[in-house]
Amino acid sequence: MPLLALIFYVLAIVTIASAVMVVTSRNPVHAVLFLILTFFNATGLFLLMGAEFLAMILLIIYVGAIAVLFLFVVMMLNINLVMLRQGFTSYLPLGGLIIIVLLTELIMVIGLGDIDLNIAAKATSPIPYHVPNAEAIGRVIYTQYVLAFHAAGIILLVSMIGAIVLTLRQRTDVKRQSIDKQNLLLSEEVVELVEVTRSKGV
Amino acid sequence: MDLASTFSIITPASPEIFLVISALTLLMAGLFMSTNSLKIISYSTIIILLLTAILVIQSENTLAFQGLFISDNFARFIKIIIILGAVFSILISFEHLKRSENNLFEYPLLILFTTLGMMLMTSANDLILLYMSVELQSIALYVIATIQRNTLKSTEAGLKYFVLGALSSGILLYGCSIIYGFTGTTSFNGIATFLSTNRSTSPGLIIGLIFLISGLAFKVSIAPFHMWTPDVYEGVPTPVTALFALAPKVAALALFLRVMIDPFRDLLISWQPIIAFLSIVSVLIGGLAAIMQTNIKRLMAYSSIAHMGYSLIGLASGNETGVTSVLMYLTTYTFTIIGTFSGILCMRRNDSPVENISDLTGLSDTHPIMALALMIFMLSMSGIPPLAGFFGKWFIFMSAIDADLYLLAAIGILSTVISAFYYLRIIKIMYFEEAIEPLDAIIDKKSQLALCGSAMIIVFFFLFIKPIHNTAMSSSIIGI
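So the sequence lines, in the order shown, correspond to chains H and F. With the working numbering, you'll find the first sequence wraps up at 425, consecutive numbering, no jumps. With the working numbering, you'll find the second sequence wraps up at 483, consecutive numbering, no jumps.
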């Protein structure tokens, strides 16, 4: 499939290029926008592999929520990127070492050929064929894993309670308007007519 | 599917489901009730926990939710201890919460949710539910640690706990995913079947297991994953420290036991040295680092690290005798912790809590009963017969000797001797030093009751040793 290969290479190159731009761009807003571009291309790569559920989730969660959150943070906090960059040269040797280690590992894994390409078929719960994988997940999430699914719901509830408990401040020194009380007031009680004598004041 | 068959599916998890529904109801009640809902909510939480305990006792041995959830004797034993710990921590929090200006009705509710997480942890029979339950328990605990948001110490402790906890959760999840990658299943039974059929295990699976052990060791605060414990214990309010010292540790240790003994039993040769190493490091760090402490909560933190190290000696045996000894140890640990922390809560001077060991000087003159009770707990923790702590340690070392782990038993006994130093030092301070400024008279009746009650239990533990040991023996078979 030369067409698929072509699409793959285009997506892969754009992914890597925009990932590099995320790290190197001078404007933090540009960096976040490049991050979004990276996610979009990664989505395309997932689609090519037939993992359309992961592709959707990546778009919804990473682009829809996390990248937008980053954008808000970048815009609201006045982050000075020049300051952040100051340690770049001092971290370079350590970072370079990690890159070399990771690269060696990658080459060893590919070079030794110790990859079983049919591992998916050997799994105890293989990927169901003839079924889109969103549907395959839907089939188990409400049946086999219903308990774990509900546990996830309770985790979200607890984190919501936590966020409210830790941030809600009941302020007593603020004057608030109560519409009911306002409507129940009679004009005789609150309005006082005063006869003002000329050039004397009240 | 009709209603009757649905009920038969969810019955094994009825304690947990009951807990969720009650917690949600109480949350609504707390929101819509007037500003003084704390007391009613707290008492309702205690009643709910006791009802849950009854449901736990009545549940049967079965697998549920297609093997995701397991209810066995082992889970029941641990769940009872967890509920006991939760009830205790709500009871002793009353006085503390009354003093804070906010109406924190969420506090007992968060304890309910964390208890739910812990109960699911003890019943988890699948890596997915394992991770979910650990997260549920941890997230509620992060909030509880930070609940006193106006004090710098509490927020600092909460943030530290949150950041390190999130890191350990990541390690745990990574381990789970590697294990899934190499076995092709997340179910504990599936992993056990895989390991018994495939004799040659790949090193990748061992790496996954090590990640899993590291993540769990963090939750149990086993050295070298213990760094957060002293800071968090010291920073959070004392009732929260009491909660942290008891229920989460018991739950995480139970999960540790189940994961090691049930799915990875066939890898015993691989994980036994790791567990043995972790327990040696913990007992030594717990024993040596506690000597330098001046704050009693930090001292208890190191003491708990050592206690968890002893429990891991029982796990290193890797058989039913070992599990029995851990269950016995946890039972004695529970009562000692309840007692000691009630004592620490009673330490107040000029109406504010004090936490230094030097504040206990001359306690035998000013508070003879409290001094006697604290002496009993200290002697029990250092393992003096015939107190409860002695039996806990005795069973642990016997199981290690049965499994031919002589070195482990020897180091354990050595470190017991070292740790006896700082327990005895507290007794010396209480009995043989002059009081500079006496502590306040004890006003909190609940703490006083817990103090005296657990002291009695620890002294007369040897009378009930036979029935408790029999229960622990019947609960030691993990799985069905």
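Beta carbons: idealized from backbone N, C-alpha and C, even for Gly.
Check your understanding: Does any residue of chain F bring its CB to less than 9 Å from the CB of residue 389 of chain H?
Key -> yes
Check your understanding: Could one say the Cβ of residue 36 of chain F lies closer than 9 Å to chain C's Cβ atoms, at least one of them?
Key -> Absent from the structure is chain C; the protein chains it does hold are H and F.
Check your understanding: Which of helix, strand or coil does DSSP assign to residue 225 of chain H?
Key -> Three-state DSSP puts residue 225 of chain H in a helix.
Check your understanding: For a contact meaning CB atoms closer than 8 Å, what does residue 135 of chain F contact in chain H?
Key -> 371, 374, 375, 378
Practice item. Measure the alpha-carbon distance for residue 328 of chain H versus residue 163 of chain F and round it to whole angstroms. Key: Taking the straight line joining both Cα atoms gives about 33 Å.
Point to revise | residue 91 of chain F, enclosing alpha helix (DSSP H) - first and last residue | key: First-last of the alpha helix (DSSP H) with residue 91 of chain F: 76 to 102.
Check your understanding: According to a CB-to-CB cut-off of less than 9 Å, which residues of the stretch 67 to 80 of chain F neighbour chain H?
Key -> 67, 68, 69, 70, 71, 72
Check your understanding: Between which two residues does the beta strand (DSSP E) carrying residue 65 of chain F extend?
Key -> That run of the beta strand (DSSP E) goes 65 to 67.
Point to revise | Strand pairing of residue 407 of chain F, partner residues [DSSP] | key: Answer is none; residue 407 of chain F lacks a bridge partner.
Point to revise | residue 311 of chain F burial status per 10 Å Cβ neighbour count (16 or more: buried) | key: buried
Point to revise | Same chain, Cβ closer than 8 Å to residue 354 of chain F, neighbours up to 5 away in sequence not counted | key: 443
**Study point:** Cβ contact check for the stretch 424 to 435 of chain F and the stretch 334 to 350 of chain F: 3 or more pairs under 8 Å
**Key:** no
Exercise for review: Could you tell me whether the Cβ of residue 327 of chain H comes closer than 9 Å to any Cβ of chain F?
Suggested key: no
**Study point:** Enclosing alpha helix (DSSP H) for residue 419 of chain H [first to last residue]
**Key:** Element bounds for residue 419 of chain H: n/a, residue is neither H nor E.
Check your understanding: Using the C-alpha atoms, what's the distance from residue 350 of chain F back to residue 414 of chain H?
Key -> 59 Å
Practice item. Give the interface partners of residue 381 of chain H over in chain F, defined as CB-CB distance under 8 Å, in chain order. Key: 113, 116, 139, 142, 143, 146
Review point. How would you call residue 35 of chain F, buried or exposed, if buried means at least 16 neighbouring beta carbons within 10 angstroms?
Key: exposed
Review point. At which residues does the alpha helix (DSSP H) containing residue 356 of chain H begin and terminate?
Key: Start and end: 356 to 364.
Point to revise | Classification of residue 403 of chain H by the beta-carbon crowding that lies within 10 angstroms, buried from 16 upward | key: exposed
Exercise for review: Using a Cβ-Cβ cut-off of 9 Å, state whether residue 385 of chain H counts as contacting chain F.
Suggested key: yes
Check your understanding: Is there a Cβ from chain H that is less than 9 Å from the Cβ of residue 454 of chain F?
Key -> no
Review point. Can you name the residues that DSSP bridges to residue 73 of chain F?
Key: F/66
Check your understanding: Roughly how far, in whole angstroms, is the beta-carbon of residue 72 of chain F from the beta-carbon of residue 370 of chain H, given that I think they are within contact range, below 8 Å?
Key -> Beta-carbon to beta-carbon, residue 72 of chain F and residue 370 of chain H are separated by about 6 Å, close enough to satisfy the 8 Å threshold.
Point to revise | Test item: CB-CB of residue 336 of chain F and residue 378 of chain F under 9 Å | key: no
Practice item. Using three-state DSSP, classify residue 356 of chain F as helix, strand or coil. Key: strand
Practice item. Would you kindly check if the distance between the Cβ of residue 267 of chain F and the Cβ of residue 195 of chain F is under 9 Å? Key: Judged by beta-carbon spacing, residue 267 of chain F lies within the 9 Å limit of residue 195 of chain F, meaning their Cβ atoms are closer than that value.
Exercise for review: Would you please state the rounded distance, in angstroms, between the beta carbons of residue 228 of chain F and residue 221 of chain F? I believe it to be under 8 Å.
Suggested key: 4 Å
**Study point:** Beta-carbon proximity check, residue 297 of chain F vs residue 385 of chain F, cutoff 9 Å
**Key:** no
**Study point:** Residue ranges of each alpha helix (DSSP H) within the stretch 231 to 256 of chain F, 4 or longer
**Key:** 231 to 238
Review point. Under three-state DSSP, which class holds residue 190 of chain F?
Key: Residue 190 of chain F carries a strand assignment under DSSP once its states are collapsed to helix, strand and coil.
**Study point:** Beta-bridge partners of residue 351 of chain F, as assigned by DSSP
**Key:** F/356
Review point. According to DSSP, what are the bridge partners of residue 298 of chain F?
Key: F/359
Review point. Taking the C-alpha atoms as reference points, what is the distance between residue 225 of chain H and residue 267 of chain H?
Key: 16 Å
Exercise for review: Tell me residue 129 of chain F's beta-bridge partners as DSSP assigns them.
Suggested key: Residue 129 of chain F pairs with F/190.
Practice item. Look at residue 274 of chain H and residue 356 of chain H and say whether their C-beta atoms are less than 9 Å apart. Key: yes
**Study point:** Sequence-distant residues of its chain with Cβ nearer than 6 Å to residue 30 of chain F (five each side left out)
**Key:** Closer than 6 Å at Cβ, skipping near neighbours: 112.
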